[in-house]
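Enquirer: Would you mind keeping the following structure in view while I ask a few things?
4 protein chains.
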Amino acid sequence: MTKSRLEAFSDGVIAIIITIMVLELKVPHEASWHGLVPLAPVFLRYLFSFIFLGIYWSNHHHLLQAVKHVDGRVLWANLHLLFWLSLVPFVTGWMGENKFAALPVALYGVVLLFASIAYFILAKVLVSLHGRDSVIGIALGRDFKGKVSSAIYLTAIPLAFVRPWIACAMYVLVTLMWLVPDRRIEKTIVE
Amino acid sequence: MTKSRLEAFSDGVIAIIITIMVLELKVPHEASWHGLVPLAPVFLRYLFSFIFLGIYWSNHHHLLQAVKHVDGRVLWANLHLLFWLSLVPFVTGWMGENKFAALPVALYGVVLLFASIAYFILAKVLVSLHGRDSVIGIALGRDFKGKVSSAIYLTAIPLAFVRPWIACAMYVLVTLMWLVPDRRIEKTIVE
Amino acid sequence: MTKSRLEAFSDGVIAIIITIMVLELKVPHEASWHGLVPLAPVFLRYLFSFIFLGIYWSNHHHLLQAVKHVDGRVLWANLHLLFWLSLVPFVTGWMGENKFAALPVALYGVVLLFASIAYFILAKVLVSLHGRDSVIGIALGRDFKGKVSSAIYLTAIPLAFVRPWIACAMYVLVTLMWLVPDRRIEKTIVE
Amino acid sequence: MTKSRLEAFSDGVIAIIITIMVLELKVPHEASWHGLVPLAPVFLRYLFSFIFLGIYWSNHHHLLQAVKHVDGRVLWANLHLLFWLSLVPFVTGWMGENKFAALPVALYGVVLLFASIAYFILAKVLVSLHGRDSVIGIALGRDFKGKVSSAIYLTAIPLAFVRPWIACAMYVLVTLMWLVPDRRIEKTIVE
């Protein structure tokens, strides 16, 4: 099976998730700064979701570059990833609404953790389909970055109940780590 | 006519249907477990619709793999399928909202029945276009799985008025039957 | 310029317009037939919009089949068509909400008229780009069907203020006329 | 990396943004002209957003025509552009809601300014990737149009607080300037 429909469907779902939140920016009735103030947290929430989902889209794009074909398992590993990504606007919103209280920060971490695990599974399934000696097998190697991300999220979730800001700092750290997309794949393809 | 636009349009429609329900997960104002409780049924409903539509997308993807070209009849058979699929979030929601009462469970079965019939018609039209000796003709054969699904749904709908849980168990049975996508097609293409 | 992006963008927009209305099917709280009754007009409205937009998508698909390349004018003729199509759910809804009163029936006709004119313009621009001797030029010829449609709509709109049901019958007539997609194009391509 | 997914994702996001506003055209209960009057500003707002986003889509389409491949930087420059475009319906709405008061007109200009800068950055990144002697390098040249647009927006924003209509006139001017898509690219490709 070719990968084109998997890409097209993922693009469609991520395009919807990434733009859904802009619907919550309700036009205020007042033409003053005062009217904009209550929208500030909604805007920030939209901005953060957008960046986070942009990172996943960009990495998904890189990952699929090295892929030659897909099978039924890949379709489901990908749907699994899309499911967790679709919850990102909700948990970002809950966290923002409650000024970074413990439980929302922890739940945010849980969704991020499962998204990172789903991405990890997708990568594993793709490597097992193409073989360890394929472009994608070599490029991902032992997938250090993927494992470290999941480990950081796992540590951050309980810490959210002690000091929410420490958990948030750890989320930001993982985000920065992935902002640079997977150069490993670009490099391996070129070689 | 090539099949690429049919696939792209179906991907677009299914991507929208599959993500629409996440919009109903309204951010709660409380930062406690208490705030999340009323969202649990909405979340479960989203999860089940997502899985159900994922199954259809995955099978649709497999079905179209074996297709070489399409015509006007295929376009309409496909639109017919998409119409029934677009009603899945609504009937899933009504069933969940009413704790699996008889009528919603039966209506859920009706939509599932029509979706399965629409899928069956689409497969028939594709086979008649490509011939019984084509890849798709051989792969689908007498389409045992399709006929059994429709038969189970047809039995489950009246049973919903006697014991809703029996109907639900039958829906789950069909779902499991289709979770494994059509290996017949993958096999026939390879041979 | 290739036509692939024009097709992909149109597919995306039509996929959204065609599924948007399903969002208005709000899950009722009652698990009885009583709870479904107020949804009947919304459902019918959704069904009619779906069929109408399905017809346009199917014909758009046929039209673009015969196209080799596009230019800036084609992009805008296409956007113009999409604009009028995006208003179809709204006017269908207003007409249904008011039990086919004169003004909503007339406005429905106006949107249908402009959509048919926009489709006509798109076809003209495509023919002028490819030449009268191209596949698309021969297939469309003097575009009898397009001109008749616009003429019927133009007659139906004033009649809506006299007898709304006559206007509705005329809309149904045009719809039936287009339900069979443009065999002229399929034929000309084969020859 | 090929550009096809970048195009598909952008098409998806722009298709959603361009059609989102039609959801705000709520069906009125009255079947009279009176019922339509409050919808007039919503309709105009939708019309203007549609045209504005259509211009960007059309130019984006032209720009990407001349592109051979993309990299991680291009993905992010493109996401950056999509982010600002997604805010267009909101600022158009706020401006319309408040009858072109100073602050909304200025904010509208700010979003337009950032969108034009994002488009400029995307073009720059694409030129630097393909080289000054590539089709896209020659076609864009010193990008006079891009620089002038940003300069006009920059002048219009403070003027919005003096005379909002002057700022609006300047926005219309830039819009007209871009309504004709980039013939430079079409020409350079042909040569």
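Line by line, the protein sequences give chains C, P, E and D. If you're matching positions, the first sequence starts at 0 in numbering that gives the first Met the number 0 and goes up one per residue. If you're matching positions, the second sequence starts at 0 in numbering that gives the first Met the number 0 and goes up one per residue. If you're matching positions, the third sequence starts at 0 in numbering that gives the first Met the number 0 and goes up one per residue. If you're matching positions, the fourth sequence starts at 0 in numbering that gives the first Met the number 0 and goes up one per residue. By construction, the Cβ of each residue, glycine as well, lies at the ideal position given by its N, Cα and C atoms.
Is DSSP giving D/K123 helix, strand or coil here?
Expert: Mapped onto the fourth sequence, residue 123 of chain D falls at position 124. D/K123: helix per DSSP, three-state reduction.
Enquirer: For E/F49 and chain P, any beta-carbon pair shorter than 8 Å?
Expert: For the purposes of this step, residue 49 of chain E is identified with residue 50 of the third sequence, where counting begins at 1. So yes, E/F49 belongs to the interface.
Enquirer: With 16 as the cutoff for other CB atoms within 10 Å, does C/M169 come out buried or exposed?
Expert: Counted from its first residue, the first sequence places residue 169 of chain C at position 170. So C/M169 ends up on the buried side.
Enquirer: If I measure Cβ to Cβ from E/V109 and keep anything under 7 Å in the same chain, skipping five residues before and after, which residues do I get?
Expert: Within the third sequence, residue 109 of chain E is the residue found at index 110, counting from 1. Only I156 meet the Cβ criterion.
Enquirer: Per DSSP, what kind of secondary structure is P/P27 in: helix, strand or coil?
Expert: For the purposes of this step, residue 27 of chain P is identified with residue 28 of the second sequence, where counting begins at 1. Of the three classes helix, strand and coil, the one that applies to P/P27 here is coil, per DSSP.
Enquirer: Can you pull the chain A residues whose beta carbon is under 9 Å from the beta carbon of C/T174, in chain order?
Expert: Looking for chain A here will not work: the only protein chains present are C, P, E and D.
Enquirer: Can you say whether E/S115 is buried or exposed, counting buried as having 16 or more other CB atoms within 10 angstroms of its CB?
Expert: Here the question's residue 115 of chain E lines up with position 116 in the third sequence. Buried.
Enquirer: Strictly under 8 Å for the Cβ-Cβ distance: is D/E6 near chain E by that measure?
Expert: Locating residue 6 of chain D in the fourth sequence gives position 7, counting from the first residue. D/E6 counts as touching chain E.
Enquirer: Going by the C-beta, is D/P103 closer than 7 Å to any heavy atom of the ligand FMN?
Expert: With respect to small molecules bound, the structure shown includes none, and the ligand FMN cannot be examined in it.
Enquirer: What is the DSSP secondary structure of D/L175, reduced to helix, strand or coil?
Expert: The count along the fourth sequence starts at 1 and reaches residue 175 of chain D at position 176. Looking at D/L175 - three-state DSSP - the assignment turns out to be helix.
Enquirer: Does any residue of chain C have a CB that is nearer than 8 Å to the CB of P/T18?
Expert: Within the second sequence, numbered from 1, the residue matching residue 18 of chain P stands at position 19. Yes - at least one Cβ of chain C is within 8 Å of the one on P/T18.
Enquirer: So the candidates are E/H61, E/P27 and E/R72; which of them puts its Cα closest to the Cα of P/G71?
Expert: Locating residue 71 of chain P in the second sequence gives position 72, counting from the first residue. Selected option, being the one with the closest Cα: E/H61.
Enquirer: With a Cβ-Cβ cutoff of 8 Å, do C/M176 and C/K144 count as a contact?
Expert: For the purposes of this step, residue 176 of chain C is identified with residue 177 of the first sequence, where counting begins at 1. For the purposes of this step, residue 144 of chain C is identified with residue 145 of the first sequence, where counting begins at 1. Yes, they are a contact pair.
Enquirer: Alpha helix (DSSP H) containing P/A150: first to last residue?
Expert: Position 151 of the second sequence, counting from 1, holds the residue named residue 150 of chain P. That run of the alpha helix (DSSP H) goes F143 to L158.
Enquirer: Starting from C/G145, find everything on chain D with Cβ-Cβ shorter than 8 Å and list it in chain order.
Expert: Taking the first sequence and counting its residues from 1, one reaches residue 145 of chain C at position 146. Within chain D, no residue comes near C/G145; the closest Cβ sits about 18 Å away, beyond 8 Å.
Enquirer: Expressed to the nearest angstrom, what Euclidean distance is found between the alpha-carbon atoms of P/P40 and E/A30?
Expert: By 1-based counting over the second sequence, the position of residue 40 of chain P is 41. By 1-based counting over the third sequence, the position of residue 30 of chain E is 31. Computed Cα separation, rounded: 16 Å.
Enquirer: If you draw a straight line from the alpha carbon of P/K67 to that of P/A7, how long is it in whole angstroms?
Expert: For the purposes of this step, residue 67 of chain P is taken as the residue at position 68 of the second sequence. For the purposes of this step, residue 7 of chain P is taken as the residue at position 8 of the second sequence. So the two alpha carbons sit approximately 15 Å from each other.
Enquirer: Provide the residue span of the alpha helix (DSSP H) that contains D/M94, from first to last.
Expert: Residue numbering aside, residue 94 of chain D sits at position 95 when the fourth sequence is read from its first letter. From DSSP, the alpha helix (DSSP H) with D/M94 extends over V87 to E96.
Enquirer: Count the other CB atoms within 10 Å of the CB of P/P103; is the residue buried (16 or more) or exposed (fewer)?
Expert: Position 104 of the second sequence holds residue 103 of chain P. With 16 or more Cβ atoms within 10 Å of its Cβ, P/P103 is classed as buried.
Enquirer: Can you name the residues of chain E whose CB is closer than 8 Å to the CB of P/V161?
Expert: Here the question's residue 161 of chain P lines up with position 162 in the second sequence. Correct list: empty, because the minimum Cβ distance to chain E is about 16 Å.
Enquirer: Rounding to the nearest angstrom, what Cα-Cα distance links P/L63 and C/W32 in this structure?
Expert: In the second sequence, residue 63 of chain P corresponds to position 64, counting from 1. In the first sequence, residue 32 of chain C corresponds to position 33, counting from 1. Rounded to whole angstroms, P/L63 to C/W32 spans 53 Å at the Cα level.
Enquirer: Measuring straight from C-alpha to C-alpha, what distance separates E/F82 and C/F82?
Expert: Taking the third sequence and counting its residues from 1, one reaches residue 82 of chain E at position 83. Taking the first sequence and counting its residues from 1, one reaches residue 82 of chain C at position 83. Roughly 32 Å separates the two Cα atoms.
Enquirer: With DSSP run on the structure shown, which of helix, strand or coil describes P/R162?
Expert: Within the second sequence, the letter at position 163 stands for residue 162 of chain P. Coil.
Enquirer: Just tell me which of P/K123, P/I54 and P/L84 has its CA closest to the CA of P/I19.
Expert: Within the second sequence, residue 19 of chain P is the residue found at index 20, counting from 1. Nearest option by C-alpha distance: P/L84.
Enquirer: Less than 8 Å between CB atoms is the rule here; does E/W83 satisfy it with respect to chain P?
Expert: Start at 1 with the first residue of the third sequence, and residue 83 of chain E comes out as number 84. No, E/W83 does not count as interfacial toward chain P.
Enquirer: Mapping DSSP to helix, strand and coil, what is C/V66?
Expert: Start at 1 with the first residue of the first sequence, and residue 66 of chain C comes out as number 67. Residue state, collapsed to three classes: coil.
Enquirer: Determine whether the Cβ of D/P103 lies closer than 8 Å to any Cβ atom of chain C.
Expert: As a working mapping, residue 103 of chain D is identified with position 104 in the fourth sequence. So yes, D/P103 belongs to the interface.
Enquirer: Name the chain P residues that come within less than 8 Å of C/V12, Cβ to Cβ?
Expert: Locating residue 12 of chain C in the first sequence gives position 13, counting from the first residue. Under the 8 Å cutoff, chain P gives A14, I17 and T18.
Enquirer: To the nearest angstrom, report how far apart E/L43 and P/G53 are at their CA atoms.
Expert: Taking the third sequence and counting its residues from 1, the one referred to as residue 43 of chain E is at position 44. Taking the second sequence and counting its residues from 1, the one referred to as residue 53 of chain P is at position 54. Roughly 27 Å between the two C-alpha positions.
Enquirer: Taking the alpha carbon of E/L86 as the point to measure from, which residue in E/L106, E/I137, E/A166 and E/V21 has its own alpha carbon closest?
Expert: Here residue 86 of chain E refers to the residue found at position 87 when the third sequence is read from its first residue. When only C-alpha atoms are compared, the closest one is E/L106.
Enquirer: Skipping 5 residues on each side, what residues in its chain have a beta carbon closer than 7 Å to that of C/A159?
Expert: For the purposes of this step, residue 159 of chain C is identified with residue 160 of the first sequence, where counting begins at 1. Contacts found: A101, V104, A105, G108 and A166.
Enquirer: Is it the case that the segment 124-142 of chain E contacts the segment 72-79 of chain E, given that we only count it when at least three CB pairs across the two stretches are under 8 Å?
Expert: Enough Cβ pairs lie closer than 8 Å, so yes.
Enquirer: Which of helix, strand or coil does DSSP assign to C/F8?
Expert: For the purposes of this step, residue 8 of chain C is identified with residue 9 of the first sequence, where counting begins at 1. Here C/F8 sits in helix by DSSP.
Enquirer: Against chain E, with Cβ distances strictly below 8 Å, would D/G95 count as a contact?
Expert: Numbered from its first residue, the fourth sequence carries residue 95 of chain D at position 96. For D/G95, the answer is no, since every Cβ of chain E falls outside 8 Å of its Cβ.
Enquirer: Can you pull the chain P neighbours of C/F42, defined as C-beta to C-beta under 9 Å?
Expert: In the first sequence, the residue the question calls residue 42 of chain C occupies position 43. Simply none; closest approach about 15 Å.
Enquirer: Can you find a CB in chain P that lies within less than 8 Å of the CB of E/W75?
Expert: Locating residue 75 of chain E in the third sequence gives position 76, counting from the first residue. Not closer than 8 Å to any Cβ of chain P, the Cβ of E/W75 fails to qualify, so no.
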